[in-house]
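Visitor: Residue numbers for the sequence shown follow numbering that gives the first Met the number 0, so the first one is 0 and each next one is one higher.
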Amino acid sequence: MYGPLNGVRVALVTLATLAALGAAVGGYWTVTLVLGIGVGLHGLGWLYLAKQSEGESAPPD
0 MYGPLNGVRV
10 ALVTLATLAA
20 LGAAVGGYWT
30 VTLVLGIGVG
40 LHGLGWLYLA
50 KQSEGESAPP
60 D
């Protein structure tokens, strides 16, 4: 449904989240903020695309 690169996308977002947590533990708040915003925006984009995909796969009435 989302293509062969979805596993790569999940891995990159997971690593970005772990990097944000590591930056927070290390006290790098600017890095934490930037990574958190990036992960959050990516999540919103993914939700938008998932909604679009649901609408396209619905059978016609």
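Every residue, glycine too, gets a C-beta built ideally from N, C-alpha and C. Since we're looking at a predicted model, the values are computed, not measured.
Please identify the residue among G25, S52, V33 whose C-alpha is closest to the C-alpha of A15.
Guide: Indexing the sequence shown from 1 puts residue 15 at position 16. For A15, the closest C-alpha among the options G25, S52, V33 is that of V33.
Visitor: Chain C beta carbons: is any one of them nearer than 8 Å to that of L11?
Guide: Looking at the structure shown, chain C is missing, and only one protein chain is on hand.
Visitor: When DSSP labels each residue in this structure, what does L4 get in the three-state scheme?
Guide: Stepping through the sequence shown from its first residue, residue 4 is reached at position 5. If DSSP states are grouped into helix, strand and coil, L4 belongs with coil.
Visitor: Would you mind sorting A49 into buried or exposed? The rule is 16 or more other CB atoms within 10 Å of its CB.
Guide: For the purposes of this step, residue 49 is taken as residue 50 along the sequence shown, with counting starting at 1. By the beta-carbon neighbour count (other beta carbons within 10 angstroms, threshold 16), A49 is exposed.
Visitor: Report, in whole angstroms, the separation of the C-beta atoms of A23 and T29, which I expect to be a contact under 8 Å.
Guide: Counting from one through the sequence shown, the residue named residue 23 turns up at place 24. Counting from one through the sequence shown, the residue named residue 29 turns up at place 30. Not quite, the Cβ-Cβ distance comes to about 11 Å (not below 8 Å), so this is no contact.
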